[in-house]
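S.K.: Top to bottom, those sequences are chains V and W. Residue 1 is where the first sequence starts when you use the UniProt record's numbering, and the numbers rise one by one after that. Residue 1 is where the second sequence starts when you use the UniProt record's numbering, and the numbers rise one by one after that. Glycine is no exception: its CB is placed at the ideal position from the N, C-alpha and C atoms. Here's a structure for you.
Number of protein chains: 2
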Amino acid sequence: MPQPFPRSEFEARCATAQAAMAREGIAAMLLTSEPDLRYFTGFLTRFWESHTRPWFLLVPASGKPVAVIPAIGAELMAQSWLSDIRTWTSPDYDDDGVTLLAETIRELVPDGARLGVPLGRETALRMPPADWDRLCALIGDRPRHDVSALLRTQQEVKSPAEIALIRETCAIAGRAYARLPELLTPGVTLAQVFRRFQMLLLEEGADWVSYLAGGAARGGYGDVISPADDRPLAPGDVLMLDTGAVRQGYFCDYDRNWAVGHATPEVQDAHRRLHDAALAGFEAARPGATCADLHRTIVGALGQDPGGRVGHGLGMRLTEWPSLIPADNTVLRPGMVMSLEPWLPLGPGLMLVHEENIVIGENGAEWLSPLAPREIPVID
Amino acid sequence: MPQPFPRSEFEARCATAQAAMAREGIAAMLLTSEPDLRYFTGFLTRFWESHTRPWFLLVPASGKPVAVIPAIGAELMAQSWLSDIRTWTSPDYDDDGVTLLAETIRELVPDGARLGVPLGRETALRMPPADWDRLCALIGDRPRHDVSALLRTQQEVKSPAEIALIRETCAIAGRAYARLPELLTPGVTLAQVFRRFQMLLLEEGADWVSYLAGGAARGGYGDVISPADDRPLAPGDVLMLDTGAVRQGYFCDYDRNWAVGHATPEVQDAHRRLHDAALAGFEAARPGATCADLHRTIVGALGQDPGGRVGHGLGMRLTEWPSLIPADNTVLRPGMVMSLEPWLPLGPGLMLVHEENIVIGENGAEWLSPLAPREIPVID
C-alpha cells in the first residue's frame, strides 16, 4: 500500500490516544468509520464505497490496535503496522463479525470497564443497528463511553506529514483552477465543465475526486451543493466550482468564482467583501483565538451575518470539526487545518461563496490554497 | 437539479412502500442514508461526502414524504416533488435537528404506533448515536420496527428508467475499458494508469468516479480493493481495473483483466475458467432461480469454491443486496441488476477476478456490460 507515513507516526497517534484513554479510564476504543480506521492503521482503500460489510478496529489501553475485518481486506491490512488481524468471511447473514468482535472486546476490556465508542457530533456507527444491539448484549457490563471529543481533540491537530499532504492536495487544486479557462469552449455546459475540471484535477495529480459541486447562473447561484446541469454557460453568469480532491487520502476543500463575459457591480462588490472577510479571518486565525472569535471577525468584515457556519476543519475528511459558528469555543492550536468560507446572500435564491484553506502556525496562519484575487476574474 | 425520472416514478416508489408499510402496520419510515433519501425524492448531491450534518426523510403511511434537513439543502430539495421541507441551521451543537425530527415523527406516528427504521443488513444509522438515543427518548412509546427487508425487497427490482441509467453507465465504462491501451506509455505506473483511466471514464460520460480499484503483479494480484502503487507495469504482469463509475446517480461495477506483454498458461487458463463461470451464471440467472442456485452454478463451473461471494446486486450503490452466497435464498425477479463476480486463487497472495453486470428479464438475463473476451487480452 502506498504509505505516506513512517511507522513512528502511527505509534505516536496510538500513544497519544492511549494517554487520553488512560485519563478517562477507557480500556479500549471501538472504531467503525473509514477515517478513524485509517488514522490508526494507514488502511487506505476506496472499498468503503461498498456498504455491504462492516469494519472494526479496537484501540486497546496499551499495545497496537487490533483489526476485526472482513477477509476481503486481510491482504491490504497485512501491509499495515498491525500484527493482530482477525477476519471473518463477510457477508455472513447469521453473524457478520459480531461474535468475533464481541470475543475480542471481552479479551481487551475487563468486565465492568469502559469501552470507548464515538457517539457524539459528526459521528455515526457504521454497522447495522440490529448488530450493534446484539453486540451490546454479548459484551454485557462494559459501559459504552463517548470518545468523540477525545478523538476530535487529537485529530484536529495535524502532524507535519499530514499538513504536507494537505498542502500538496491544495496545490493540485490550485493548478487545476488556474487552468479553468482552457475548459471554456463555445456553448460549453456546466456538466461538461464539471467533467473536464475533474479530468484537470487528475492530470494535475489528484488520486481521485471525492467532491465537486458548483453552480453557474446570472448574478450568483442558488446553493453550493448542487450537481451540474446541462445549461450552457452564458454571459453574465457567475461560475463557481468547489472541490474536495484527494491525494494519498487527504482532502483540500476550497472554491473559486469566475464571471462569464462580464461582472455586475453587485457581484464585483460581493467578491471583494468576501475576499476581505477571508483575509480578516486569516489575520485573526492565531493560536489562542477561538472558533467563535474567528466567526465574529469574519462576519464583522462581511458587514452582515449570513447565517450558518463560515468555515470548518478538514483533512482526512472533506469537512471536519471544528465549525466557525458562535457556539464553537474550540481554541485554535498550531497544526489545525481550516477552511475560511464566508458567503453572502445576493437576493432571492442567489448567493456568492468564497473559500480558502489555511493551517494555523505558532505565529499565525499560513495559506494552503493559493489566495484568490480580490477582483472576480472575468473569463470569456 | 438534473432529474432523470418523471414525478410519477417517485409517486410509484412511494405508493409501493406505503402498501408494504400498511401490511406491516408501520405508521411512518425514518430514513437517514443517501440512497434511501434519493430513492424517494431524487435528491442527488455529492455533499454527503461531508459527514458534519445528518439528513432525515419520513415516509408517512399516505401522502408525500416529509424532509427534515439542514437549511443548506433547502434550495436543492425544493426542486424535488416534495412539498413539506422542514429545515434547521446545522451544525447546531445543542440540538442538531433532533427536536424538529421528533416533532415531525410525533405528528406522523400516533402514540403506540410503529416507526419503521432500517436496522438490518447493509444498513447504518447516519446520525450520531447519542442523538439517536435522544430522539428515542423524545418520541417515547413508538416502537422501532426494522424495515430493511421491506426496502430491500422493493429496491432490488429496478424500474425500466433505472435499468436504462445503469445500462448507460455500464456502456460508459465499456468504452473506457476499450481505450485502456491508449494509456500504456513506456514505464507507466499503476498510479498513472488509475489517474488516466478515471479521466477516460469522465471523457466517455461518467459524471464522477466513485470507485476504482485494481492491481498489477506477476501472474495475478493480491486483492481487489487496493489503491494504486507507483510501480511501473512490467512484462508478465496481470493488470486488473475494477470501476464503479456513476452517471446520474447510478453505478456500474465490473472489472477487466489484461496481460502485459504475455500471459502464462496458468493465467490464460484461469481467465477462461472465470469467463466460462460468468457465462454459466448468466445462463442460470432466470426468474425463479435463487441466489444460492446461482452461486452453486458459478462455483460448479469454476470447478472449485473460492470462498466468499461470487456476485451481488448494484444500482444506486456500488454494491447492494442480494449476495451470491449459499445462504441467500432471494428469488431472482425481472428487473434485478446483478454483478457476476467469479474469482480464483492462483497461489499464495495471488488471485484473478472477472466481473460482469447483468439485468434479469422475463426470459433470462441480459448483459449490461459488454462481455469480455474469453482469452485474456495481451497489451504491450
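The beta strand (DSSP E) with histidine 295(V) in it runs from where to where?
M.R.: Where histidine 295(V) is concerned, there is no enclosing beta strand (DSSP E), although the alpha helix (DSSP H) it sits in stretches over 291-302.
S.K.: Please report the residue range of the beta strand (DSSP E) in which tyrosine 254(W) lies.
M.R.: 254-260 is the extent of the beta strand (DSSP E) around tyrosine 254(W).
S.K.: Return the CA-CA distance between proline 65(W) and leucine 57(W), expressed in angstroms with no decimal places.
M.R.: One C-alpha to the other measures close to 7 Å.
S.K.: Does chain V have any CB closer than 9 Å to the CB of methionine 1(W)?
M.R.: Note that methionine 1(W) has pLDDT 43, beneath the 50 cutoff, so the model's placement of it is unreliable and the number below is only indicative. For methionine 1(W), the answer is yes, since a Cβ of chain V falls inside 9 Å of its Cβ.
S.K.: Is there contact between the segment 214-221 of chain V and the segment 232-243 of chain V, where contact requires at least three CB pairs shorter than 8 Å?
M.R.: Touching, yes.
S.K.: So with CB distances below 7 Å, who are the chain W contacts of glutamine 198(V)?
M.R.: Here the neighbours are Leu202 and Trp208.
S.K.: Would you mind telling me which residues of chain V sit closer than 8 Å to aspartate 146(W), beta carbon to beta carbon, in chain order?
M.R.: Simply Ala130.
S.K.: In whole angstroms, what is the alpha-carbon distance linking glycine 300(V) and aspartate 276(V)?
M.R.: Distance between the alpha carbons of glycine 300(V) and aspartate 276(V) is about 10 Å.
S.K.: Rounding to the nearest angstrom, what Cα-Cα distance links methionine 336(V) and valine 353(V) in this structure?
M.R.: Looking at the two C-alpha atoms, the distance is approximately 22 Å.
S.K.: Please report the distance separating the alpha-carbon of alanine 149(W) from that of glycine 120(W).
M.R.: Going from the Cα of alanine 149(W) to the Cα of glycine 120(W) covers about 8 Å.
S.K.: So is threonine 45(W) in contact with chain V if we call contact Cβ pairs under 9 Å?
M.R.: Yes, because at least one Cβ of chain V sits closer than 9 Å to the Cβ of threonine 45(W).
S.K.: Run through the segment 306-331 of chain W for me and flag every whole alpha helix (DSSP H) of 4 or more residues, listed as ranges in chain order.
M.R.: Segments of the alpha helix (DSSP H) lying fully in the segment 306-331 of chain W: there are none.
S.K.: Name the chain V residues that come within less than 7 Å of arginine 142(W), Cβ to Cβ?
M.R.: Simply none; closest approach about 16 Å.
S.K.: Excluding the five sequence neighbours on either side, which residues of its own chain have a C-beta within less than 7 Å of the C-beta of isoleucine 358(W), listed in chain order?
M.R.: Cβ neighbours of isoleucine 358(W) beyond the five flanking positions: Phe282, Ala285, Met338, Leu340, Ala365, Glu366, Trp367 and Leu368.
S.K.: Once DSSP output is grouped into helix, strand and coil, what is the label at phenylalanine 56(W)?
M.R.: Strand at phenylalanine 56(W).
S.K.: Take the Cβ of proline 129(V) as the centre, count every other Cβ of all protein chains shown within 10 Å, and call the residue buried at 16 or more, exposed below.
M.R.: So proline 129(V) counts as buried.
S.K.: Roughly how many angstroms separate the alpha carbons of leucine 44(W) and methionine 77(W), rounded to a whole number?
M.R.: Taking the straight line joining both Cα atoms gives about 9 Å.
S.K.: The segment 212-224 of chain W: which residues have C-beta closer than 7 Å to a C-beta of chain V, in chain order?
M.R.: Those residues of the segment 212-224 of chain W that come within reach of chain V (Cβ to Cβ, closer than 7 Å) are Leu212, Ala213, Gly222 and Asp223.
S.K.: So methionine 127(V) contacts chain W; which residues on that side make the cut at Cβ distance below 8 Å?
M.R.: What methionine 127(V) touches in chain W: Ala124.
S.K.: Below 9 Å on C-beta distance, what does tyrosine 93(V) contact in chain W?
M.R.: Within chain W, the residues near tyrosine 93(V) are Arg121, Ser323, Ile325, Ala327 and Asp328.
S.K.: Using a cut-off of 7 Å between C-beta atoms, extract the partners of leucine 76(V) located in chain W.
M.R.: Under the 7 Å cutoff, chain W gives Asp223, Ile225 and Ser226.
S.K.: Is phenylalanine 40(W) near arginine 13(W), with beta carbons less than 9 Å apart?
M.R.: The answer is yes: Cβ separation under 9 Å.
S.K.: What separation, rounded to the nearest whole angstrom, lies between the Cα atoms of arginine 208(V) and glycine 174(V)?
M.R.: Rather than arginine, the amino acid found at residue 208(V) in this sequence is tryptophan. Rounded to the nearest angstrom, the two C-alpha atoms are 15 Å apart.
S.K.: Given 8 Å as the limit, is there contact between the segment 152-159 of chain W and the segment 189-198 of chain W, that is, 3 or more CB pairs closer than that?
M.R.: Contact fails: fewer than three Cβ-Cβ distances are below 8 Å.
S.K.: Distance check for valine 109(V) and alanine 15(V), CA to CA, integer angstroms please.
M.R.: Rounded to the nearest angstrom, the two C-alpha atoms are 18 Å apart.
S.K.: Output the boundary residues of the alpha helix (DSSP H) element that contains threonine 123(W).
M.R.: Run containing threonine 123(W): none; DSSP gives neither H nor E here.
S.K.: Between which two residues does the alpha helix (DSSP H) containing valine 98(V) stretch?
M.R.: Per DSSP, valine 98(V) belongs to the alpha helix (DSSP H) from 98-108.
S.K.: Looking at the structure shown, is proline 35(W) part of a helix, part of a strand, or coil, going by DSSP?
M.R.: DSSP places proline 35(W) in helix when its eight states are reduced to three.
S.K.: Just to make sure I have the definition right: I need the residues of chain V whose C-beta is within less than 7 Å of the C-beta of serine 50(W). Which are they?
M.R.: Result: Leu318 and Thr319.
S.K.: Is there a Cβ of chain V sitting closer than 9 Å to that of phenylalanine 194(W), yes or no?
M.R.: Yes, contact with chain V.
S.K.: How big is the Cα-Cα spacing for aspartate 328(V) and leucine 100(V)?
M.R.: Taking the straight line from one Cα to the other gives about 39 Å.
S.K.: At a CB distance below 9 Å, what residues from the segment 301-316 of chain V approach chain W? Give them in sequence order.
M.R.: Flagged, chain order: Gly307, Gly308, Arg309 and His312.
S.K.: How many whole angstroms separate the CB atoms of glycine 307(V) and threonine 52(W), which I take to be in contact at a CB cut-off of 8 Å?
M.R.: Rounded, the Cβ-Cβ distance is 16 Å, inconsistent with contact.
S.K.: Helix, strand or coil: how does DSSP classify isoleucine 69(V) here?
M.R.: Isoleucine 69(V): strand per DSSP, three-state reduction.
S.K.: Counting contacts by CB-CB distance shorter than 9 Å, is valine 117(V) in contact with chain W?
M.R.: Chain W contact via Cβ: present.
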